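Protein chains: 2
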Amino acid sequence: MRVFILGIDGYLGWSLAQYLGARGMDVGGCDALLRRGWVAEVGSTSATPILPMSERSVAYEETFGKPLAYSEGDLCDYAFVASCLESFKPDAIVHLGEMPSAPYSMIDVEHCTFTHTNNLIGTINTLFAMRDICPDAHLVKLGTMGEYGTPNVDIPEGFFEIEFRGRKDRLPFPRQAGSWYHQTKVHDTNNVTFACKIWGLRSTDIMQGVVFGTRIDEMGDDPRLCTRFDFDQAFGTAINRYCAQSVAGHPLTVFGAGNQKRGFLPLRDSMQCLHLAITKPPESGEYRVFNQFEEVYDVTGLARKVKGVAEGLGLDVEIANIENPRKEAETHYYNPDRQHLIDLGYEPSRDMETEITVTLTDLIANRDRIEAHREALLPDIRWDGTRRKSAYLSKGA
Amino acid sequence: MRVFILGIDGYLGWSLAQYLGARGMDVGGCDALLRRGWVAEVGSTSATPILPMSERSVAYEETFGKPLAYSEGDLCDYAFVASCLESFKPDAIVHLGEMPSAPYSMIDVEHCTFTHTNNLIGTINTLFAMRDICPDAHLVKLGTMGEYGTPNVDIPEGFFEIEFRGRKDRLPFPRQAGSWYHQTKVHDTNNVTFACKIWGLRSTDIMQGVVFGTRIDEMGDDPRLCTRFDFDQAFGTAINRYCAQSVAGHPLTVFGAGNQKRGFLPLRDSMQCLHLAITKPPESGEYRVFNQFEEVYDVTGLARKVKGVAEGLGLDVEIANIENPRKEAETHYYNPDRQHLIDLGYEPSRDMETEITVTLTDLIANRDRIEAHREALLPDIRWDGTRRKSAYLSKGA
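So the protein sequences, as listed, match chains A and B.
When we follow my numbering, the leftmost residue of the first sequence carries the number 4, and every step to the right adds one.
When we follow my numbering, the leftmost residue of the second sequence carries the number 4, and every step to the right adds one.
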């Protein structure tokens with residue numbers, strides 16, 4: 004099976020290339036290498052040292068016994084996207100090539116418009132190139148659980164059957180995203196749905212929870228295969244940031260009341276799910292949605308979990324509530340479905356504590372890199388458009 | 004009251020300037036004049052001769068006794084948008100400044116990406132400029148009934164109360180748009196909703212039905228005040244195109260089975276509704292949706308209505324079904340609400356037949372201009388991405 008990964012230099016992309024390569028697939032991919040610049044722009048870097056794609060490709064071929072078909076270029080350039088698909092002839096395209104940070108998209112009008120252009124145009128170019136070059140290929144598109152927001156009802160997987168004024172229909176579940184970035188994912192969802200409908204493309208749209216962890220088994224002990232790990236306010240997500248804070252002796256920063264619930268899953272399970280989606284494609288013309296997460300936690304419970312594991316490793320950790328830089332519901336109902344992947348055979352590979360232990364151990368080895376970017380751990384990008392470090396509301400716990 | 008119109012050179016924009024000017028409002032506006040080029044690109048022109056904005060502005064001031072604050076520029080340029088709002092200081096901003104054609108957006112990848120960039124970035128720039136310059140102003144944003152698609156349930160005005168698995172919530176009604184253009188309007192809807200929520204902006208989002216007609220009373224007999232009238236396959240909407248076809252002795256081209264239902268309203272009622280929205284603004288932070296149309300017809304019934312009126316004026320008219328260039332449901336349930344505007348005092352000004360009579364009379368005076376662009380009347384832009392004139396499926400009726 005031939006799989007082409009858009010955004011192969013990223014946290015998920017580089018991991019997925021290896022997960023698929025280890026399973027005998029022919030893997031190609033492209034990247035514009037923008038992520039490295041975005042993280043530098045917000046004053047941070049990957050906690051794990053990562054190599055340029057030229058060296059990663061060499062390591063990949065040595066390890067997995069096949070070349071990695073890598074091209075550097077921008078998804079916003081249609082000719083580039085078309086040339087990638089024409090030369091690689093993929094059975095599946097995994098689209099991880101977007102700007103993935105809510106805070107980054109909220110910085111100012113330039114970052115908001117950039118996020119829209121980058122994410123939407125890249126996806127549109129991919130859809131048109133698929134239509135004209137490989138209409139039978141399967142688009143596995145990364146969305147986010149954040150598209151749904153926090154409605155006061157259960158969250159189905161993409162669609163729901165409703166009765167309204169005595170009539171019934173199956174409709175897309177309403178999306179209520181909480182940042183410009185999340186909005187671009189909703190826009191993508193609508194555009195991909197439409198392309199499947201009018202052109203008969205097939206797509207799996209993955210509403211992914213928050214992924215955490217430093218590694219998958221396929222990376223072994225080769226540092227060249229290591230994937231990036233972001234911990235800054237913009238590109239570091241909750242558990243990863245808590246882990247980095249634990250290692251750097253920084254309070255674990257819980258936003259506001261800390262009752263915000265989210266779905267989480269370890270990096271290795273994210274890979275398992277993407278692999279399942281790839282190997283079990285939908286029918287031509289079918290657009291299907293998978294909610295992808297392992298467990299739901301509120302961000303306080305999560306901080307306590309990280310603190311517990313970290314203390315077991317001899318780290319001294321405190322949890323602090325800080326002003327919430329976001330505008331979001333801090334206390335809400337949250338009960339999303341996640342049956343579709345289980346139906347395909349998804350089995351969680353291990354428990355969260357074990358995964359956090361591995362992550363903390365990897366980060367302790369890179370403590371200096373985190374401490375050198377300590378300023379990036381406390382947020383100052385606010386949803387109201389101002390830029391100000393969140394004040395501490397409480398300490399201890 | 005100070006009202007700034009984005010897209011003031013357009014069909015609705017130029018009409019609205021006069022409708023508001025006649026009611027004593029201070030009117031300003033901007034335009035990038037792109038519409039004139041788009042229509043030329045698809046091989047057509049306005050059936051009514053229209054003047055450049057420099058001459059329109061002179062006529063405006065002579066007629067309504069106040070200068071028109073006009074600026075030429077692109078909404079995709081944030082600095083331009085900000086300078087407009089800073090200098091005009093509007094109480095309301097009416098956003099009619101988007102690329103409004105479904106077929107134009109479906110031509111190819113360049114037209115799809117252009118439509119996305121033009122429409123989304125223009126709206127985002129407007130939202131950020133409002134936040135930073137005039138956060139109390141009211142954004143009256145033009146959406147379209149086409150955002151909803153054709154669900155098998157009633158279409159509420161933007162939001163609906165649902166019960167799902169025993170729990171209740173008020174949620175955005177799911178959108179299922181049928182073209183890239185319509186998708187951009189859905190994306191805008193999501194973005195405007197979000198801006199109101201996080202920044203406390205106020206907005207009325209108008210899901211407008213298909214507008215038709217050549218004039219409003221305020222234009223009088225001054226040809227300089229005449230608004231544009233498009234009849235080509237891309238920018239001419241159903242009734243307007245039928246009227247132009249009647250005048251040019253071209254069959255009225257009904258797409259496919261012709262049972263597609265849509266909401267329609269005359270230009271003068273569109274103006275009345277926009278005026279009502281402007282004069283009765285929502286609260287700060289409120290995002291409200293108006294479904295705006297007067298009557299629902301299927302496109303065959305509409306063709307028969309135009310034919311009937313045209314024959315009364317001595318025109319010889321036939322109706323023909325042609326291959327549907329679009330991918331859409333041709334037979335479907337359709338029952339949208341439209342109570343919000345009625346609650347504010349909306350009263351339809353006259354019946355459809357009268358309006359069609361006026362339109363046909365105006366078009367007969369410009370028959371040469373339509374006949375010179377006769378090729379533009381029959382569609383060749385197809386939803387499957389090919390370009391081929393629709394074949395006739397039937398003649399007569």
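Beta carbons are placed, not taken as given, at the ideal position from N, Cα and C, and that holds for glycine.
Keep in mind that this is a model prediction, so the values were computed, not measured.
Residue i (DSSP reduced to helix, strand or coil)
i: M4 (chain A); result: coil
i: D272 (chain B); result: helix
i: P339 (chain B); result: strand
i: G216 (chain A); result: coil
i: A400 (chain A); result: Residue confidence for A400 (chain A) is low, a pLDDT of 45 falling below 50, so the modelled location carries little weight; the figure read from the coordinates is stated next. Looking at A400 (chain A) - three-state DSSP - the assignment turns out to be coil, as it is neither helix nor strand.
i: C33 (chain A); result: strand
i: D371 (chain A); result: helix
i: F258 (chain A); result: strand
i: A95 (chain B); result: strand
i: P177 (chain B); result: coil
i: R205 (chain B); result: strand
Own chain residues within Cβ distance below 6 Å of residue i, not counting five before or after
i: A400 (chain A); result: For A400 (chain A), the pLDDT reaches just 45, beneath the cut-off of 50, and the residue's location in the model is therefore unreliable, leaving the point undetermined.
i: V302 (chain A); result: A241, V257, G261 and Q263
i: H335 (chain B); result: T153
i: C79 (chain A); result: I124 and G125
i: I201 (chain A); result: none
i: E356 (chain A); result: V312
i: P70 (chain A); result: E64
i: N121 (chain A); result: M102
i: T217 (chain B); result: F232, T362 and D365
Through-space distance from residue j to residue i, alpha-carbon basis
i: L23 (chain B); j: H278 (chain B); result: 7 Å
i: A280 (chain B); j: K144 (chain B); result: 10 Å
i: K392 (chain B); j: E374 (chain B); result: 18 Å
i: P284 (chain A); j: F131 (chain A); result: 19 Å
i: R170 (chain A); j: P159 (chain B); result: 13 Å
i: F83 (chain B); j: D77 (chain B); result: 7 Å
i: L380 (chain A); j: D12 (chain A); result: 23 Å
i: E89 (chain B); j: L99 (chain B); result: 19 Å
i: G304 (chain A); j: D172 (chain B); result: 26 Å
i: V30 (chain A); j: G16 (chain A); result: 11 Å
i: M210 (chain B); j: D224 (chain B); result: 31 Å
i: R59 (chain B); j: G32 (chain B); result: 12 Å
i: V309 (chain B); j: L363 (chain B); result: 9 Å
i: G348 (chain B); j: V112 (chain B); result: 43 Å
i: A332 (chain A); j: I367 (chain B); result: 59 Å
i: V42 (chain A); j: V214 (chain A); result: 18 Å
i: R205 (chain B); j: E289 (chain B); result: 5 Å
i: I325 (chain B); j: A20 (chain B); result: 37 Å
i: P175 (chain A); j: M274 (chain A); result: 26 Å
i: T360 (chain B); j: Y300 (chain B); result: 18 Å
i: L396 (chain B); j: R329 (chain B); result: 15 Å
i: V45 (chain B); j: F238 (chain B); result: 9 Å
i: D191 (chain A); j: G315 (chain B); result: 49 Å
i: H141 (chain A); j: T187 (chain A); result: 21 Å
i: I127 (chain B); j: V195 (chain B); result: 8 Å
i: T230 (chain A); j: C276 (chain A); result: 18 Å
i: S18 (chain B); j: D272 (chain B); result: 11 Å
Beta-ladder partner(s) of residue i, from DSSP
i: I11 (chain B); result: Bridge partners of I11 (chain B): none, in fact.
i: R390 (chain A); result: A:I384
i: S352 (chain A); result: The partner list for S352 (chain A) (beta bridge, DSSP) is empty, contrary to what the question assumes.
i: P70 (chain B); result: Paired residues: none, contrary to the question.
i: Q211 (chain A); result: A:T147 and A:Q295
i: R265 (chain B); result: B:Y300
i: Y395 (chain B); result: B:I325
i: E378 (chain B); result: Paired residues: none, contrary to the question.
i: E75 (chain A); result: A:D34
Sequence-distant residues of the same chain with beta carbon closer than 7 Å to residue i, five excluded per side
i: A25 (chain B); result: F67 and E221
i: T62 (chain B); result: Residue identity check: residue 62 (chain B) is Ala in the sequence provided, not Thr. Same-chain partners within the cutoff: D225, R227 and L228.
i: H185 (chain A); result: A105, T147, G149 and E150
i: A50 (chain B); result: F232, F234, A247, L366, N369, R372 and I373
Close beta carbons around residue i, own chain, < 8 Å, minus the five adjacent residues each side
i: R377 (chain A); result: A251 and H253
My parser needs the beta strand (DSSP E) runs of 3 or more residues fully inside the stretch 267-338 of chain A; what are they?
290-295, 298-301 and 322-325
Segments of 4+ residues assigned as alpha helix (DSSP H) that fall wholly inside the stretch 97-173 of chain B:
105-109, 112-119 and 125-136
Write down every uninterrupted run of the alpha helix (DSSP H) in the stretch 229-258 of chain B whose length is 4 residues or greater and which is fully enclosed by it, in chain order.
241-251
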